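Enquirer: In this note's numbering, the protein residues as written are 2 to 394. Using N, Cα and C, we set each Cβ at its ideal position, and we do this for glycine too. Quick caveat: nothing in here was measured; it's all calculated off a predicted structure. Let me begin by handing over the structure; questions about it come next.
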């Protein structure tokens, strides 16, 4: 099994692990058992407004045992569980909490350091490490994937995340083909026939991704997503609800920290393809934000992006080959379609919902994404920049 901490070509199987994430730890350590119980109780604790009461009554030394005996898979599980618990605590009442108790913040900080990401719910914890198959010997699909943990246990929340799990699986072949192309440039063993094969794989893979992405509205309603799902995944950077950030009691000298919320921009698929196709995004607020998002990715995933960026000179290489140019443009078009669909969802699921009055509130700025950035004009700009990367015949 490949590690999320360090990229090695020999063990890398895509951004979605080939090994199903743990749902529970087999450890008989009392705090591990308690954490598991708490994480599984989050929907009920939010429903009854008891989440803060329960967390506030945890022992100050909760989860202070030695973590070295746990496997990487267990550490990732603990990170998922603490991430959900912390976000439920912060956003699970009428007013957001400004201090995260040390019983949660101290172990979470240690665990997040071990997974190489900041202590906040990230795409890795919300999606990549948070699913299982209903029937283990069947393929990953929207008919066979469910979440391990959620906030309110609603169909809209689960569907929204499992869509992304299946996207990551569908993109696996595209990412592996991308790495093969980058390898060929790195080793100076580029073959037109091999490039054609790899580009055909990428094109087919991304078509599958786009077919899955189109299905978001089937079981995820924009109103429910905006008012019942989205508020729990906000972060505490550029968020008017927590303008000074969040204090992690017992960590960072008790100084408030500013971290971005969970967002699909923390997926490594599109940045890796941008790197392969040498797509250039002019510097703007979204590009700076997307660069920052790499901090929230598993270390091995951002290393993949950097590897492809360093070695791919695909666009220049194929400029004189009409067959490869056509395939290149078809692949870029699929990325453009993906970005267009994302732009449409941003309009339907966020922008249009922000104008509606509701008793539920927004959980954060109504004009910003969950990551804390104004998005509409920049999403369109980046979509157009992708499309303009096509090579003229």
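Any idea what DSSP makes of residue 154, helix, strand or coil?
Expert: Stepping through the chain shown from its first residue, residue 154 is reached at position 153. Here residue 154 sits in coil by DSSP.
Enquirer: When the Cα of residue 100 is compared with those of 200, 53 and 294, which residue comes out closest?
Expert: By 1-based counting over the chain shown, the position of residue 100 is 99. Comparing Cα positions, the closest option is 53.
Enquirer: Give me the residue from 47, 250, 382 and 184 with the minimum Cα distance to residue 110.
Expert: Mapped onto the chain shown, residue 110 falls at position 109. Checking every option, the nearest Cα to that of residue 110 belongs to 250.
Enquirer: Can you list, in chain order, the stretches of the alpha helix (DSSP H) that have 4 or more residues and sit fully within the stretch 39-73?
Expert: 52-57
Enquirer: Residue 237 by DSSP, collapsed to three states: which one?
Expert: Start at 1 with the first residue of the chain shown, and residue 237 comes out as number 236. The answer is coil: DSSP assigns residue 237 none of H, G, I, E or B.
Enquirer: Anyone know if the C-beta pair for residue 112 and residue 63 falls short of 8 Å?
Expert: Position 111 of the chain shown, counted from the first residue, corresponds to residue 112. Position 62 of the chain shown, counted from the first residue, corresponds to residue 63. When the beta-carbon positions are compared, residue 112 and residue 63 stay at least 8 Å from each other.
Enquirer: Determine the DSSP secondary structure at residue 361, reduced to helix, strand or coil.
Expert: Here residue 361 refers to the residue found at position 360 of the chain shown. The predicted position of residue 361 is uncertain, since its pLDDT is 40 and thus under 50; a value taken from the coordinates is nonetheless stated next. Correct three-state label for residue 361: coil.
Enquirer: Using CA coordinates, which residue listed in 313, 278, 305 and 265 is at the minimum distance from residue 290?
Expert: Sequence index remark: in the chain shown, residue 290 carries index 289 (1-based). Looking at the Cα atoms, 265 is the closest of the given residues.
Enquirer: What separation, rounded to the nearest whole angstrom, lies between the Cα atoms of residue 347 and residue 221?
Expert: Walking along the chain shown from the start, residue 347 turns up at place 346. Walking along the chain shown from the start, residue 221 turns up at place 220. A direct Cα-Cα distance of roughly 13 Å separates residue 347 from residue 221.
Enquirer: With distances taken from CA atoms, which of 23, 204, 312 and 352 is nearest residue 187?
Expert: Working through the chain shown from its first residue, we reach residue 187 at position 186. Checked all of 23, 204, 312 and 352; the closest Cα to residue 187 is 312.
Enquirer: Short of 8 Å in beta carbon distance, which residues of its chain neighbour residue 377, apart from the five on each side in sequence? Order them along the chain.
Expert: Walking along the chain shown from the start, residue 377 turns up at place 376. Only 344, 347, 348 and 352 meet the Cβ criterion.
Enquirer: By the DSSP assignment, the alpha helix (DSSP H) with residue 220 in it spans what residues?
Expert: Counted from its first residue, the chain shown places residue 220 at position 219. Unbroken alpha helix (DSSP H) run through residue 220: 217-220.
Enquirer: In its own chain, which residues sit with a C-beta less than 8 Å from the C-beta of residue 146, not counting the 5 before and 5 after it?
Expert: Your numbering for residue 146 matches position 145 in the chain shown. Excluding positions up to five away in sequence, the list reads 132, 133, 134, 135, 163, 166 and 167.
Enquirer: Please classify residue 256 as buried or exposed, where buried requires at least 16 other C-beta atoms within 10 Å of its C-beta.
Expert: Numbered from its first residue, the chain shown carries residue 256 at position 255. Residue 256 comes out exposed.
Enquirer: Let's see if you can read the secondary structure: which residues bound the alpha helix (DSSP H) around residue 381?
Expert: Reading the chain shown from its first residue, position 380 is the one you call residue 381. Counting along the chain, the alpha helix (DSSP H) containing residue 381 begins and ends at 377-388.
Enquirer: State buried or exposed for residue 94, treating a residue as buried only when at least 16 other CB atoms are found within 10 Å of its CB.
Expert: Walking along the chain shown from the start, residue 94 turns up at place 93. Classification of residue 94: exposed, given that the 10 Å Cβ count is below 16.
Enquirer: Are residue 8 and residue 305 touching if we call contact CB-CB under 8 Å?
Expert: Working through the chain shown from its first residue, we reach residue 8 at position 7. Working through the chain shown from its first residue, we reach residue 305 at position 304. Cβ atoms of residue 8 and residue 305: closer than 8 Å.
Enquirer: Any heavy atom of the ligand SAH closer than 7 Å to the Cβ of residue 106?
Expert: No copy of the ligand SAH appears in this structure; indeed no ligand is present at all.
Enquirer: Anyone know if the C-beta pair for residue 242 and residue 102 falls short of 8 Å?
Expert: The residue you call residue 242 lines up with position 241 of the chain shown. The residue you call residue 102 lines up with position 101 of the chain shown. Not in contact: residue 242 and residue 102 (Cβ atoms no closer than 8 Å).
Enquirer: Could you name each continuous alpha helix (DSSP H) segment of 4 residues or more that falls completely within the stretch 96-124, going from the start of the chain to the end?
Expert: Listed in chain order, the complete alpha helix (DSSP H) runs (minimum 4 residues) inside the stretch 96-124 are 103-116.
Enquirer: Helix, strand or coil, according to DSSP, for residue 258 in the structure here?
Expert: Translated into the one-based positions of the chain shown, residue 258 becomes position 257. Residue state, collapsed to three classes: strand.
Enquirer: Do residue 342 and residue 161 have their C-beta atoms within less than 8 Å of each other?
Expert: In the chain shown, counting from the first residue as 1, residue 342 sits at position 341. In the chain shown, counting from the first residue as 1, residue 161 sits at position 160. No. Outside cutoff.
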